[in-house]
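Quick note, this note's numbering runs 383 ahead of the 1-based positions in the sequence shown. Glycine is no exception: its CB is placed at the ideal position from the N, C-alpha and C atoms. Working notes, beginning with the structure itself.
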Amino acid sequence: MKGHIIYGMLCGVVAVQSLAGDTNIFTCRVGDLEVHLLVEYTGQGKSSVLLGASEADLRRYLPGGTYQAQTHTLLIRSPERVLLVDTGFGGRLFEHLKTLGLEPAQVDAVLLTHMHPDHIGGLQREGKALFPRASLYLSRQEKAYWTETAAHHGAVAALAPYGARVRTFSPKSIEAAEELLPGVRAVAAFGHTPGHTLYQVESQGQKLLIWGDLMHVQDIQFPLPAVSVSYDTDPQAAGAVRKQVLAYAAENRIPVAGMHLRYPAVGRVSPDGAGYRFSPLEEAATQGR
Ligand SMILES: [Zn+2]
C-alpha cells in the first residue's frame, strides 16, 4: 500500500502505520492477513456509565469524569477473502473502504460481535443490503435475543435483506473455540449482550483476538476488570468473561483488538498488580519491544 511503512513487530503482529499520520485507519499484519482497524466514531464518554467502581477508583483512573470514546470496525484481507468484523454506524466505514480501494461487493463475509446499533448500522439502508454478496455471521444466541426475546426492529431490519445469507452458530469458550471459517475461531463472551462473540484470527502461526465490546473504558477496565458498564445486558457475566479473556490473552501472549479501545486499538495485554495493562501496538513497536 502506498504511503505506508512497516515499522514494528509485536507478538508476531506487524504494525503498518500511515506516513501521513492518518489516525483513522491502522493497519497491521497477522501472518498473510492484512488487518485494518477503521475508526468509525470519536467522542466523549462519561464515567456515570460505569458499574462497580468506587469514588476512589473513579478519582484514580478517570479524574476528569470523562474519557475518549471511540468505535471501530475491522477489515481483514487475505489472499482468499475479504472479511469485515462489525459495520459501525455505517458512516465512515464506506469512506474507509474507498480509501483502501475496496467496493462493498468485494466483502465476502461480515462477522458480527453483537447487534448493538454501533455495530450493525452499516448492514442495510432502506431494506437493501449494503454488502450485496456477503454472508452474515452471528451467534444463534445473539440473533434469538434481538429478533425474538427483545424483538428490536433495528436488529430485525438489519438482518432481513441478507435472507438465507445469515449464518448462525453456537460459539464455545475461548479454550474450546472452533473454526467458523478457515483461520477464524468464534469465541463465546456472553454478558455485554446475550450472544456477544469474539473472533480469533490466525495465519502462519500468528494470532489476533478481536474482542468486540469486551471492554468500553480502558482506563479503568484494564486495571479493574470487574467494572462493567450500564449497557451490559448482564454486567456480572460481562465482568467474569472479561477477566477470563484478559487472563487468556496475557498468558498466551495473544495480541488483541477492541471496537472501543482507543486508536490504534490493537495491542498486548500484560498482568499488572491485580489487574492488567495494555500496550498499544504502535507504542510498543516504537519503544523497541
Ligand atoms: Zn455493544
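Pick helix, strand or coil for Glu509, following the three-state DSSP scheme. coil
For ligand 2, any of its heavy atoms closer than 7 Å to the Cβ of His535? As presented, the structure is devoid of ligand 2, carrying ligand 1 as its sole ligands.
Any 3 or more C-beta pairs closer than 8 Å across the segment 461 to 476 and the segment 434 to 449: no
Measure the C-alpha to C-alpha separation of Tyr545 and Asp491 and round it to an integer number of angstroms. 13 Å
Residue range of the unbroken beta strand (DSSP E) whose run includes Thr410: 408 to 413
State the start and end residues of the unbroken alpha helix (DSSP H) segment that holds Val628. 618 to 634
Thinking Pro606 and Tyr444 are a contact (beta carbons under 8 Å), I'd like their distance in whole angstroms, please. 6 Å
Taking just the CA atoms, how far does Thr532 sit from Val652? 35 Å
Cβ-Cβ distance between Leu433 and Val628 below 8 Å: no
Shortest alpha-carbon distance to Phe552 belongs to which of Pro663, Gly510, Arg568, Leu441? Arg568
C-beta contact flag for Val422 and Tyr646 at 8 Å: yes
With a threshold of 7 Å (Cβ to nearest heavy atom), would Asp469 be considered close to ligand 1? no
Does Gly386 pass the burial test, meaning 16 or more other C-beta atoms within 10 Å, or should it be called exposed? Confidence at Gly386 is low in this model, with a pLDDT of 40, below 50, so its placement is unreliable and no value can be given for it.
Proximity of Leu592 and Gln583 at Cβ, strictly below 8 Å: yes
Hey, could you find the ends of the beta strand (DSSP E) Leu467 is sitting in? 465 to 468
Identity of the residue in Ala559, Leu521, Lys511 nearest Ala540 by Cα: Lys511
Would you call Thr449 buried or exposed, if buried means 16 or more other Cβ atoms sit within 10 Å of its Cβ? exposed
Evaluate Gln601 with the Cβ neighbour count: other Cβ atoms within 10 Å of its Cβ, from every protein chain shown; 16 or more gives buried, anything less gives exposed. buried
Say yes only if the C-beta of Asp617 is nearer than 7 Å to one or more non-hydrogen atoms of ligand 1, and no if none qualify. no
Test item: CB-CB of Pro487 and Leu480 under 8 Å: yes
Between Thr454 and Asp415, which are expected to be in contact by the criterion C-beta below 8 Å, what is the C-beta distance as a whole number of angstroms? Contact doesn't hold; Cβ gap of about 28 Å is too wide.
Report buried or exposed for Pro654, applying the criterion of at least 16 other Cβ atoms within 10 angstroms of its Cβ. exposed
For Pro577, does the three-state DSSP call read helix, strand or coil? coil
Contained alpha helix (DSSP H) runs [length at least 4] in the segment 553 to 607, N- to C-terminal order: 601 to 604
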